[in-house]
Amino acid sequence: YPLHGSEEDAGMEVLQKYLENYYGLEKDVKQFTKKKDSSPVVKKIQEMQKFLGLKMTGKLDSNTMELMHKPRCGVPDVGGFS
Amino acid sequence: TFPGSPKWRKNHISYRIVNYTLDLPRESVDSAIERALKVWEEVTPLTFSRISEGEADIMISFAVEEHGDFIPFDGPGMVLAHAYAPGPGINGDAHFDDDERWTDDVTGTNLFLVAAHELGHSLGLFHSANAEALMYPVYKSSTDLARFHLSQDDVDGIQSLYGPPTESPDVLVVPTKSNSLDPETLPMCSSALSFDAVSTLRGEVLFFKDRHFWRKSLRTPEPGFYLISSFWPSLPSNMDAAYEVTNRDTVFILKGNQIWAIRGHEELAGYPKSIHTLGLPETVQKIDAAISLKDQKKTYFFVEDKFWRYDETRQLMDKGFPRLITDDFPGIEPQVDAVLHAFGFFYFFCGSSQFEFDPNARTVTHTLKSNSWLLC
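First to last, the sequence lines map onto chains A and B. Following the numbering used here, the numbering of the first sequence begins with 309 at its first residue and continues without gaps. Following the numbering used here, the numbering of the second sequence begins with 109 at its first residue and continues without gaps.
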């Protein structure tokens, strides 16, 4: 497997978990991996970037990745806490 | 706030520390939690009491991985803690991931900072998108603990649920930031209003009272009203005196026998120190008022019916002091609360009265209410 490919996959996995845990993204792996450029996912990324004060690129850029790896509170940033 | 804005329907909240992390001595954990609660107590009418057994409103525990609430922790790093909005049972509780390395400084994960955030949730605050706020979800390891303070966003949030702290009748209930309410309804227009201290700061005038101050700028006629701690968290409330030495760009704050120094938003290192380092005798344990005159490069300290004069150039007390206030400022009552120098006049604040003193004529030229500067 190409090195960059697996790095990207790992990043997408972190992103998916982050959006699921803190931004109410529905837990649908297939939908996420197949439609990672789809507008609902991009919207969620933008929502996260806006909330955290990042540039709203809608993409998994290095600043977004860096912030997602920082320690944080486990309470979601949007929606309820079930 | 959380969806539906859940909040405690009472002002007295109980908490219990159910277990402890082994990373810190028990007293450090107790102290961190107490300080974290105090952060919220200072800006609300809420009070907290600790119980050692039974069900408290806020149950505080350390746990690893799955710990009984179906929201498991994730080992070291990432999720540090979580907490539940006010309510019965698990609601209100705060859980800390014991796979973190909890510390009372910033070498690990600082328990006080995380606890203050989590207890914000326990009281009903949701996450804030304001990166300066305590309720921002991402942990900031760079926070200067000595200067920790809530942001205005945190204060606004918690006060939207519980209101401001209960104050004594002459201070009344007021928001912690500038507002545009009818001045007649504000306590600043109470005819009984007195000040603890008055000082200039970079061209503005600050009027200190208990834990708050009014900030009067020449640019904006309406004064702002703020918590002292929202600007300078280490400064004391109920201060005795304050004065600005403009050529050092420093405001000095006095309370009891201690002196603090600030420069703009910055609290200067090396303070507080004893007022006796200025050369005041040991018998002086409190200064009523102080003023520094730029052109003279002298600072006057008023203590009961006397005053001392300090030479800012030599950094020494002038000889021949103390003198009686009435000898040099005839018409001024002993024991002044505060003094301000503006437009060539001294303004002495004594309770709810203010005396405009002309130093050339050596006479009181006007008697005003203390709050005349606040456009009541």
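Note that CB positions come from ideal geometry on N, CA and C, so glycine has one too.
C-alpha gap between residue i and residue j, whole angstroms
i: SER478 of chain B; j: ALA223 of chain B; result: 41 Å
i: ALA171 of chain B; j: GLU163 of chain B; result: 18 Å
i: ARG417 of chain B; j: ALA369 of chain B; result: 19 Å
i: SER52 of chain B; j: PHE359 of chain A; result: The question about residue 52 of chain B has no answer, for chain B in this structure spans 109 to 484.
i: GLY387 of chain A; j: LYS317 of chain B; result: 40 Å
i: MET320 of chain A; j: LEU368 of chain A; result: 8 Å
i: VAL147 of chain B; j: VAL126 of chain B; result: 21 Å
i: SER337 of chain B; j: ASN346 of chain B; result: 12 Å
i: PRO273 of chain B; j: THR308 of chain B; result: 27 Å
i: LEU221 of chain B; j: GLU412 of chain B; result: 42 Å
i: THR471 of chain B; j: GLN443 of chain B; result: 18 Å
i: ASP419 of chain B; j: HIS384 of chain B; result: 15 Å
i: ARG255 of chain B; j: PRO341 of chain B; result: 6 Å
i: ASN119 of chain B; j: THR155 of chain B; result: 6 Å
i: THR365 of chain A; j: VAL306 of chain B; result: 49 Å
i: ALA191 of chain B; j: VAL350 of chain A; result: 29 Å
i: ARG356 of chain B; j: ASP436 of chain B; result: 27 Å
i: THR391 of chain B; j: ARG143 of chain B; result: 34 Å
i: GLU441 of chain B; j: ALA350 of chain B; result: 19 Å
i: GLU355 of chain A; j: LEU258 of chain B; result: 25 Å
i: ALA140 of chain B; j: GLY228 of chain B; result: 14 Å
i: GLY332 of chain A; j: PRO384 of chain A; result: 8 Å
i: CYS484 of chain B; j: ARG117 of chain B; result: 36 Å
i: SER113 of chain B; j: LEU323 of chain A; result: 29 Å
i: ARG371 of chain B; j: THR358 of chain B; result: 5 Å
i: THR152 of chain B; j: GLY271 of chain B; result: 6 Å
i: ALA377 of chain B; j: LEU301 of chain B; result: 33 Å
i: THR475 of chain B; j: GLU330 of chain B; result: 22 Å
i: ALA239 of chain B; j: THR421 of chain B; result: 43 Å
Residue from the options with nearest C-alpha to residue i
i: GLY197 of chain B; options: B:GLU173, B:HIS225 and B:ASP165; result: B:ASP165
i: SER268 of chain B; options: B:LYS115, B:GLY311 and B:GLY459; result: B:LYS115
i: SER299 of chain B; options: B:ARG209, B:LEU482, B:ASN346 and B:GLY183; result: B:LEU482
i: THR211 of chain B; options: B:SER157, B:GLU135, B:GLY200 and B:ILE179; result: B:GLU135
i: PHE181 of chain B; options: B:GLY364, B:SER160 and B:HIS203; result: B:HIS203
i: VAL214 of chain B; options: B:ASN199, B:LEU242, B:GLY271 and B:THR251; result: B:THR251
i: GLU375 of chain B; options: B:ASN355, B:VAL444, B:PRO344 and B:GLN404; result: B:PRO344
i: GLY387 of chain B; options: B:ALA144, B:ASP201, B:PHE429 and B:SER139; result: B:PHE429
i: ALA469 of chain B; options: B:LEU301, B:PHE456, B:PRO438 and B:GLY228; result: B:PRO438
i: SER249 of chain B; options: B:GLU240, B:SER259 and B:GLY216; result: B:GLY216
i: VAL353 of chain B; options: B:GLU161, B:LEU401 and B:CYS297; result: B:LEU401
i: ILE399 of chain B; options: B:PRO389, B:PHE360 and B:LEU424; result: B:PHE360
i: CYS297 of chain B; options: B:PRO111, B:SER460 and B:VAL472; result: B:SER460
i: GLN423 of chain B; options: B:ILE440, B:TYR408, B:THR434 and B:ASP436; result: B:TYR408
i: ASP261 of chain B; options: B:LEU242, B:LEU253 and B:TRP322; result: B:LEU242
i: PRO111 of chain B; options: B:ASP201, B:MET425, B:PHE234 and B:SER160; result: B:PHE234
i: LYS364 of chain B; options: B:ILE179, B:GLN393, B:PHE339 and B:VAL472; result: One detail in the question is off: residue 364 of chain B reads as Gly in this sequence, not Lys. Measuring from the Cα of GLY364 of chain B, the nearest candidate turns out to be B:GLN393.
i: SER382 of chain B; options: B:THR391, B:GLN366, B:HIS373 and B:ARG371; result: B:GLN366
i: PHE410 of chain B; options: B:TYR379, B:PRO380 and B:PHE457; result: B:PHE457
i: LEU362 of chain B; options: B:THR391, B:ASP304 and B:THR434; result: B:ASP304
i: GLN404 of chain B; options: B:HIS257, B:GLU390, B:THR391 and B:ASP426; result: B:ASP426
i: ASN329 of chain A; options: B:HIS175, B:LEU219 and B:ILE179; result: B:ILE179
i: SER325 of chain B; options: B:GLU464, B:GLY311 and B:LEU335; result: B:GLY311
Integer-rounded CB distance, given that residue j should sit under 8 Å from residue i
i: LYS414 of chain B; j: LEU432 of chain B; result: 6 Å
i: GLU226 of chain B; j: ALA189 of chain B; result: 5 Å
i: ASP348 of chain B; j: ASP396 of chain B; result: 6 Å
i: THR129 of chain B; j: ASP206 of chain B; result: 5 Å
i: SER236 of chain B; j: TYR247 of chain B; result: That pair is no contact at about 14 Å.
i: ARG209 of chain B; j: MET167 of chain B; result: Incorrect: roughly 23 Å between the Cβ atoms, too far for contact.
Contact set between residue i and chain A, taken where Cβ atoms lie within less than 8 Å
i: THR217 of chain B; result: PRO379
i: ILE179 of chain B; result: GLY382
i: TYR247 of chain B; result: LYS378, PRO379, ARG380 and CYS381
i: GLU226 of chain B; result: CYS381
Contact list for residue i against chain A, beta-carbon separation under 7 Å
i: GLY185 of chain B; result: PRO379
i: ALA191 of chain B; result: VAL383
Chain-ordered chain B contacts of residue i [CB-CB under 9 Å]
i: GLY361 of chain A; result: ALA237, ASN238, ALA239 and TYR244
9 Å Cβ cut-off: residues of chain A touching residue i
i: LEU188 of chain B; result: PRO379, ARG380, CYS381 and GLY382
Interface residues of chain B facing residue i [CB-CB closer than 7 Å]
i: LEU375 of chain A; result: VAL246
Any C-beta of chain E under 8 Å from that of residue i
i: GLY112 of chain B; result: Among the protein chains in the structure shown, which are A and B, there is no chain E.
Within the chosen definition, does the region 260–267 of chain B reach the region 448–460 of chain B through at least 3 CB pairs nearer than 8 Å? no
Contact between the region 367–385 of chain A and the region 134–151 of chain B (3+ Cβ pairs under 8 Å): Contact fails: fewer than three Cβ-Cβ distances are below 8 Å.
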